[in-house]
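Written out as structure tokens, the structure is:
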């Protein structure tokens, strides 16, 4: 089945000024086991978007195609997430239907795939070869199953002389894995449950929401501590009132006993 792509139009800006071809796209097949990838892709995208979203020369996406043949629009590939540096981000988003290499004149620098049963073999086979041919500097793969699909939870390659050479991945006794990306200057980390991106110097997540979460947690803990102190103060006040009342009642009881004893003595004397 085929469907018409973007109609012929002209980009008019300082970056490029020429007519784009009308491309007929084949309808892409849906990944039936995409649920296994979804949360990991969202997490990866969120972290790396936060890192580069303020830079106008960095294009990032996890939903568009990299189209690499002007003669055949169906020669394209869709990484789960990719980054291209030194490109006009806003102009690409405004003027192109996908990441057309012949218009941008720049291949992405970074690509990452997330494993699922139906995509794993393609990720470590055809896609790896294709990304190397295109010239993508770093290619990373993440397997949230711990390695059931890729054979390891985390793997990364860097392009050297047209071929991918693997990065060293460090696996800890607890099963966690980490590896350093020279291109992004970050450390990818998987603790066995969640993917993270760490600052290699501090070892802390680059997640901008983390300080906010920590601040909210600190605020909540401070509030709970204040409430606990207030409860303790009310309890102490209540105990003091009860103790004072008991002391008063005891004193009144002793006074009555003394009065009764005095009255008893008076009666005996009068007899």
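Residue numbers (our numbering): 48 to 318. Even for Gly, the Cβ is constructed at its ideal location relative to N, Cα and C.
Original post:
Using DSSP with H/G/I as helix, E/B as strand and the rest coil, what is residue 220?
Top reply: coil
Original post:
In this structure, does DSSP put residue 263 in helix, strand or coil?
Top reply: At residue 263, the pLDDT of 47 sits below 50, so the modelled position is not reliable; the number obtained from the coordinates is stated separately. The answer is helix: DSSP assigns residue 263 an H, G or I state.
Subject >> Coarse secondary structure for residue 117, derived from DSSP in three states >> reply: In the three-state DSSP reduction, residue 117 falls in the coil class, being neither helix nor strand.
**OP:** Give me the Cα-Cα distance between residue 99 and residue 107, rounded to the nearest whole angstrom.
**Re:** 8 Å
Subject >> Sub-7 Å separation of residue 213 and residue 221 beta-carbons >> reply: no
Original post:
Which residues mark the beginning and the end of the beta strand (DSSP E) in which residue 210 is found?
Top reply: 210 to 213
Original post:
Would DSSP call residue 99 helix, strand or coil?
Top reply: In the three-state scheme derived from DSSP, where H, G and I count as helix and E and B as strand, residue 99 is classed as helix.
Original post:
So what's residue 154 in DSSP terms, helix, strand or just coil?
Top reply: Here DSSP, grouped into helix, strand and coil, assigns residue 154 to coil.
**OP:** Only counting runs of 3 or more residues, tell me where the beta strand (DSSP E) segments fall wholly within the segment 125 to 171, in order along the chain.
**Re:** 128 to 132 and 157 to 161
**OP:** Specify the secondary structure class of residue 316 as computed by DSSP and reduced to three states.
**Re:** helix
**OP:** Can you give me the start and stop residues for the alpha helix (DSSP H) that residue 176 sits inside?
**Re:** 173 to 181
**OP:** Confirm, please, whether the CB-CB distance from residue 90 to residue 242 is below 7 Å.
**Re:** yes
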